[in-house]
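S.K.:
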Amino acid sequence: MPQPGAPMPHVAPQPDAPNPNALSSRDVERLLTSPTAETRIETMNKLFHDLEAGALSPAERSLAIEVVHCFAGDAQVAVREAVAWQLRNSPLLTGELAERLVRDVGRVAFPILRDAAGLTDDLLLDVLSDPDSGKHVAVASRSKVSARVSGAIAERGNVVAVTALLRNDGAELPDSAMHRALDRFGRVRMVSEAAATRPGLSLAMVERVVAFVSDSMRTTLMQAHGLSRELVERLVERGREAATMRLLRPVLRGAEDIDAVIQWLHTNRRLTPVLLFQALCAGDLSLFVSGMALRAGIPAENARRLAWDDGELGMAALMKKAAVAPGLTHPFQVAVGVAKRMEYEGEESRREDFQSEVISELFTACTPTNDWMVDDLLLQLFDQKSEEVIDRALDQAGLPFSPVRTMQ
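In this text, residue positions in the sequence shown follow the UniProt record's numbering: the first is 1, and each later residue adds one.
1. Roughly how many angstroms lie between the CA atoms of Ile359 and Ala365, to the nearest whole one?
2. Would DSSP call Val188 helix, strand or coil?
3. What do you get for Ala323, buried or exposed, if any count of 16 or more other CB atoms within 10 angstroms of its CB means buried?
4. Which residues in the same chain as Ala177 place their Cβ atom closer than 6 Å to its Cβ, once the five residues preceding and following it in sequence are excluded?
5. Short check: CB of Ser141 to CB of Arg114, under 8 Å?
6. Identify the continuous alpha helix (DSSP H) that holds Ala78 and give its terminal residues.
7. Rounded C-beta distance between Pro326 and Met319? I'm assuming under 8 Å.
8. Can you tell me whether Pro331 is buried or exposed, with buried defined as 16 or more other CB within 10 angstroms of its CB?
9. Spatial neighbours of Gly297 within its chain, please: CB distance less than 8 Å, with the 5 preceding and 5 following residues excluded, ordered by chain position.
10. Name the two residues that bound the continuous alpha helix (DSSP H) containing Ile153.
11. Spatial neighbours of Met217 within its chain, please: C-beta separation below 7 Å, excluding the five flanking residues on both sides.
12. Per DSSP, Ala171 is paired with what?
13. Going by DSSP in three states, Thr329 sits in which element: helix, strand or coil?
14. Alpha carbons only, please: which of Leu294, Arg295, Ala293 and Gly337 is nearest the one belonging to Gly311?
15. Take the Cβ of Cys70 as the centre, count every other Cβ of all protein chains shown within 10 Å, and call the residue buried at 16 or more, exposed below.
16. Ordered along the chain, which non-local residues of its own chain (more than five positions away) have a Cβ less than 8 Å from that of Asn268?
17. Kindly list the residues whose CB is nearer than 7 Å to the CB of Val191, restricted to its own chain and excluding five residues on each side of it in sequence; keep chain order.
18. Quick check on the burial criterion: 16 or more other C-beta atoms within 10 angstroms. Buried or exposed for Thr43?
19. Going by beta-carbon coordinates alone, are Leu128 and Arg100 separated by less than 8 Å?
20. Quick check: the Cα distance between Arg88 and Ala204, rounded to an integer number of angstroms?
21. Grab me the residues of His111's own chain with a C-beta within less than 7 Å of its C-beta, minus the 5 sequence neighbours each way, in chain order.
22. Span of the alpha helix (DSSP H) holding Arg295?
23. Just to confirm the assignment, what range does the alpha helix (DSSP H) spanning Trp264 have?
24. Let me check understanding here. Comparing Cα to Cα, which of Asp50, Leu280, Val261 and Trp264 lies closest to Arg351?
25. Need the endpoints of the alpha helix (DSSP H) that Arg100 sits in, please.
26. On the three-state DSSP scale, how would you describe Asp310?
27. Select from Val77, Phe48, Asp121 and Ala75 the residue whose C-alpha is nearest the C-alpha of Ile65.
28. Give the straight-line distance between the Cα atoms of Leu294 and Glu343, rounded to the nearest whole angstrom.
29. Pull up the distance between the alpha-carbon of Arg198 and that of Thr120, whole angstroms please.
30. Can you give me the start and stop residues for the alpha helix (DSSP H) that Val139 sits inside?
31. Locate the alpha helix (DSSP H) running through Gly106, then write down its first and last residues.
32. Hey, could you find the ends of the alpha helix (DSSP H) Thr364 is sitting in?
33. So for Ser216, helix, strand or coil by DSSP?
Here's what the structure looks like:
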């Protein structure tokens, strides 16, 4: 034992105790050579723990990241899938590695596509060109989905992906994408109900959705959007009118005998003022004249002369005889006035020009109004016209008309 005051003996410094969680050379060797996927996954989980805990030296960290990249290309799908789940919301996920994983098979790509932040719209749109439905569902379920990506899912996704998109409150879903989703799958209950329960639907979208959903879901729509039962019933009927016109259009453009079509509509109680107004504004003048003649019980030539009268009496008398509400006389007169001014007789080559001019003239001459029947009639125009025609018409009208009014 040393005497007091004597110098202490020199003791060599001891090396730091090894980090029990650090990846060892043996671990690395095990990762690279283990014959079973289960063993590699087990050791890889330890690797990720080390990386996230910051327990590795710079050299060890560099080696660990290299191993991660190695196993992102492992021959076993289960190993690549395990890597994807570990990396899906990790700062270790680089753009290069993310792109590699999302182009892998669906089960590997899924966690990255659904959860990884920072994926570009261009990459997501490229992935959506892959027919793998699992990838579509993953993209549709992301916390944020842009309008561009939503449009691609609505166009290409299967029914499950479209439903996931509609249920995703973080998805920016323009009306165009909603319309496309309903065009494809609106009659599938889970799709229509997902659309109906989305917050912030425009009345135009409520109009589309209400035609597909059950009575109980219509009640939900009424409560969520403050709609009256009367309005919802009118929207349902409007959907039927628009569907009838879509079915008739191929017949109307090639049929020799318009009278046969008119008789069928009349027999089935579908020869309504709304349908005839749609026909008039769509440029199907023969259908309009024949339909008004049948409702009025007069020859078609007489009906045309009354409708094309330059004065105020002819159209008013025809509307009364055909049992059309007198409040709708003005819109009918405006539409016929456009046909007369343009000398339009139903030529297919001039149809869109006529439609555009009719919409523009009606919006200028008939809005604003507090007459719900007129508003309802004008709304019908949007059921049959292309977006291009509508846009042109609004420009010509010179006002940002929105054919939607909250009705109590």
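Cβ atoms here follow ideal geometry from the backbone N, Cα and C, with glycine treated the same way.
Predicted model only: the values in this text are computed from it and were never measured.
M.R.: Inspection of the coordinates gives the following:
1. In the sequence shown, residue 359 corresponds to position 359, counting from 1. In the sequence shown, residue 365 corresponds to position 365, counting from 1. Each residue's Cα considered, the two are about 10 Å apart.
2. Translated into positions along the sequence shown, residue 188 becomes position 188. Note: Val188 maps to coil in three-state DSSP.
3. Residue mapping note: residue 323 aligns to position 323 of the sequence shown, counting from 1. Ala323 comes out exposed.
4. Counted from its first residue, the sequence shown places residue 177 at position 177. Contacts found: Ser150, Gly151 and Ala154.
5. To locate residue 141, count along the sequence shown from 1; it is residue 141. To locate residue 114, count along the sequence shown from 1; it is residue 114. It is a contact, given that the beta carbons lie within the stated cut-off.
6. Your numbering for residue 78 matches position 78 in the sequence shown. It spans Val77 to Leu87 - the alpha helix (DSSP H) in which Ala78 sits, taken as one unbroken run.
7. On the sequence shown, position 326 is the one that residue 326 refers to. On the sequence shown, position 319 is the one that residue 319 refers to. Going by Cβ atoms, the distance from Pro326 to Met319 rounds to 6 Å, so yes, they are a contact pair.
8. As a first step, residue 331 must be located in the sequence shown, where it is residue number 331. Classification of Pro331: buried, given that the 10 Å Cβ count is 16 or more.
9. Here residue 297 refers to the residue found at position 297 of the sequence shown. Correct list, in chain order: Lys321.
10. Mapped onto the sequence shown, residue 153 falls at position 153. Per DSSP, Ile153 belongs to the alpha helix (DSSP H) from Ala147 to Arg156.
11. In the sequence shown, residue 217 corresponds to position 217, counting from 1. Within the same chain, Met217 has close Cβ partners Glu193 and Ala196.
12. Looking up residue 171 in the sequence shown gives position 171. Partner(s): Val145.
13. Locating residue 329 in the sequence shown gives position 329, where the first residue counts as 1. It is helical.
14. Working through the sequence shown from its first residue, we reach residue 311 at position 311. Here the closest residue by C-alpha is Gly337.
15. Along the sequence shown, one-based indexing puts residue 70 at 70. When all chains shown are included, Cys70 counts as exposed.
16. Working through the sequence shown from its first residue, we reach residue 268 at position 268. So the list is empty, once near-sequence residues are dropped.
17. Within the sequence shown, residue 191 is the residue found at index 191, counting from 1. Excluding residues within five positions, the ones whose Cβ falls inside 7 Å are Val159, Val162, Thr163, Leu166, Ala181 and Phe185.
18. As a working note, residue 43 is residue 43 in the sequence shown. A residue is called buried once 16 or more other Cβ atoms fall within 10 Å of its Cβ, and Thr43 is buried on that count.
19. Taking the sequence shown and counting its residues from 1, one reaches residue 128 at position 128. Taking the sequence shown and counting its residues from 1, one reaches residue 100 at position 100. Going by C-beta atoms, Leu128 is not nearer than 8 Å to Arg100.
20. Your numbering for residue 88 matches position 88 in the sequence shown. Your numbering for residue 204 matches position 204 in the sequence shown. Arg88 and Ala204: Cα-Cα distance of roughly 38 Å.
21. Within the sequence shown, numbered from 1, the residue matching residue 111 stands at position 111. According to the sequence displayed, residue 111 carries Pro and not His. Same-chain partners within the cutoff: Ala84, Trp85 and Arg88.
22. The sequence position of residue 295 within the sequence shown is 295, counting from 1. Looking at the DSSP string, the run of the alpha helix (DSSP H) that includes Arg295 is Leu285 to Ala296.
23. Here residue 264 refers to the residue found at position 264 of the sequence shown. Residues Ile258 to Thr267.
24. Looking up residue 351 in the sequence shown gives position 351. Checking every option, the nearest Cα to that of Arg351 belongs to Leu280.
25. Position 100 of the sequence shown holds residue 100. Run containing Arg100: Gly95 to Val102, per the alpha helix (DSSP H) assignment.
26. Numbered from its first residue, the sequence shown carries residue 310 at position 310. It is coil, neither helix nor strand.
27. Indexing the sequence shown from 1 puts residue 65 at position 65. Residue Phe48 is the option with its Cα nearest to Ile65.
28. Translated into the one-based positions of the sequence shown, residue 294 becomes position 294. Translated into the one-based positions of the sequence shown, residue 343 becomes position 343. Roughly 24 Å separates the two Cα atoms.
29. Working through the sequence shown from its first residue, we reach residue 198 at position 198. Working through the sequence shown from its first residue, we reach residue 120 at position 120. If I take the Cα positions, the gap works out to 25 Å.
30. Position 139 of the sequence shown, counted from the start, is the residue given in the question as residue 139. Note, Val139: alpha helix (DSSP H), Ser133 to Ala140.
31. Here the question's residue 106 lines up with position 106 in the sequence shown. Annotation for Gly106: the continuous alpha helix (DSSP H) segment containing it runs Gly106 to Asp115.
32. For the purposes of this step, residue 364 is taken as the residue at position 364 of the sequence shown. In the DSSP assignment, Thr364 falls within the alpha helix (DSSP H) that extends over Arg351 to Cys366.
33. Taking the sequence shown and counting its residues from 1, the one referred to as residue 216 is at position 216. Ser216 falls in the helix class under three-state DSSP.
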